[in-house]
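Enquirer:
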Amino acid sequence: MANGEEPQVPTGLTGERQPNKDRVTTPYLTKYERARILGTRALQISMNAPVLVPLDGETDALEIAIKELSQRKIPLIIRRYLPDGSFEDWSVSELITD
1 MANGEEPQVP TGLTGERQPN KDRVTTPYLT KYERARILGT RALQISMNAP VLVPLDGETD
61 ALEIAIKELS QRKIPLIIRR YLPDGSFEDW SVSELITD
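Below is the structure:
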């Protein structure tokens, strides 16, 4: 820039992150989040991402992803947006999947 400042790069984020202690959304994994997480993780596994659970002869990526979810080993984060524009980030291992 002309005055020595660096240009502002838009990040696309307009809201603020809610601190973990101030969460307002439910700690349960919804069926929509479950479907998205399993599909995303199965795609990663099918593209040779490291598997985080022991394989007992499984070769199906979706079955491996389901096994990782049941053992809380999926390394993904769910971002839940709130009506005021803020959001909460939940690790899959924090959510109740029953």
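Quick note: the sequence shown uses this note's numbering, first residue 1, plus one each step.
Cβ atoms here follow ideal geometry from the backbone N, Cα and C, with glycine treated the same way.
With a Cβ-Cβ cutoff of 8 angstroms, do residue 45 and residue 74 count as a contact?
Expert: no
Enquirer: Looking only at DSSP bridge pairs, what is residue 77 linked to?
Expert: 91
Enquirer: Going by beta carbon distance, what residues of the same chain come within less than 6 angstroms of residue 71, once the five residues before and after it are set aside?
Expert: Excluding five sequence positions before and after residue 71, the CB atoms of its chain that fall closer than 6 angstroms to its own CB belong to 53, given in chain order.
Enquirer: In chain order, what residues of the same chain have a beta carbon less than 8 angstroms from the beta carbon of residue 51, not counting five sequence neighbours either side?
Expert: Counting only Cβ-Cβ distances below 8 angstroms, and skipping sequence neighbours, we find 45, 64, 68.
Enquirer: Check residue 72 in the structure and name its three-state DSSP category.
Expert: coil
Enquirer: Below 7 angstroms, is the gap between the Cβ of residue 40 and the nearest heavy atom of the ligand GDP?
Expert: Of the ligands one can find in the structure shown there are none, so the ligand GDP has no counterpart to examine.
Enquirer: Closest by CA to residue 106, which one among 40, 32, 84?
Expert: Shown here, the chain extends from 1 to 98; a query on residue 106 therefore has no answer.
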